[in-house]
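As structure tokens, the structure follows; a few thoughts come after it.
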Amino acid sequence: MRTNRIIYPNQIRQQAKAFAPAIRKDDPNVSLVTVGHRRFYAYRYEGKVSDCAKAVVLLCYSEKSLGNPDALRVFISMQTNLSTQEILEMYAKRWSIEVFFRNCKQKLAFDKCQLRKQRGIERMWLLLSLVHFLCCTLPDYRGAFEKGFAYFRECLLQA
38 MRTNRIIYPN
48 QIRQQAKAFA
58 PAIRKDDPNV
68 SLVTVGHRRF
78 YAYRYEGKVS
88 DCAKAVVLLC
98 YSEKSLGNPD
108 ALRVFISMQT
118 NLSTQEILEM
128 YAKRWSIEVF
138 FRNCKQKLAF
148 DKCQLRKQRG
158 IERMWLLLSL
168 VHFLCCTLPD
178 YRGAFEKGFA
188 YFRECLLQA
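Next up, the structure:
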């Protein structure tokens with residue numbers, strides 16, 4: 038979620054990033070959560086979000102970065118029955134998928150694609166997946182889509 042989304046803590050309308058500096062370790066809504074091998078301070082807000090009547094918003098900082106505005110990460114879930122731990126674990130699993138879609142939209146023009154037929158959509162998915170795979174598996178750039186993409190782009194421009 039973007040940090041400029043509106044939340045209503047204590048019935049006061051404000052952006053998440055404007056509220057974040059008030060977060061303290063000893064706040065009852067703050068918990069120290071371990072996801073994988075990383076630890077985060079997570080402030081849990083349940084309530085109205087700009088366009089949703091009830092949601093959970095987690096304002097998170099890595100353990101050593103509490104209060105650093107550049108380190109703020111905000112997550113939203115409509116599943117209010119999930120714990121803070123469960124929401125963050127779900128996002129950790131989904132994160133590579135989110136990055137894949139962002140890369141496809143920003144670099145591979147997926148957001149400009151207007152296909153209607155099933156066959157065309159399947160072909161587009163195949164091409165996007167193949168290009169993404171190639172960019173991420175170059176020997177010198179393993180796992181770094183941006184670097185692999187820049188390499189292929191430069192090769193095509195020189196051809």
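Letter by letter, the sequence shown follows residues 38 to 196 in the numbering used here. From the three backbone atoms N, C-alpha and C, an ideal C-beta is built for every residue, glycine too. Keep in mind the model is a prediction, meaning the values are calculated, not measured.
- Beta-bridge analysis with DSSP links residue 77 to 70 and 99.
- If you check the CB distance, residue 70 and residue 61 do not come in under 9 Å.
- Counting the other CB atoms within 10 Å of its CB gives residue 95 a total of 16 or more, which places it among the buried residues.
- The beta-carbon separation of residue 77 and residue 98, rounded to 7 Å, stays under the 8 Å limit for a contact.
- Non-local C-beta neighbours of residue 140 in its own chain, meaning closer than 7 Å and more than five positions away in sequence, comprise 169 and 182, ordered along the chain.
- Shown here for residue 49: not one same chain residue has a beta carbon closer than 7 Å to its own, the five before and five after excluded.
- Below 8 Å, too few C-beta pairs join the stretch 108-123 and the stretch 158-166 to call them touching: fewer than three.
- The Cβ atoms of residue 113 and residue 86 sit closer than 9 Å to each other.
- In the structure shown, the three-state DSSP call for residue 91 is strand.
- Excluding its 5 nearest sequence neighbours in each direction, residue 126 has C-beta neighbours in its own chain below 7 Å: 72, listed in chain order.
- Residue 196 and residue 128 have their alpha carbons spaced roughly 40 Å apart.
- According to the DSSP secondary-structure assignment, residue 114 is paired through a beta bridge with 93.
- Here residue 102 has 108 as same chain residues with Cβ atoms under 7 Å from its own Cβ, once five neighbours each way along the sequence are excluded.
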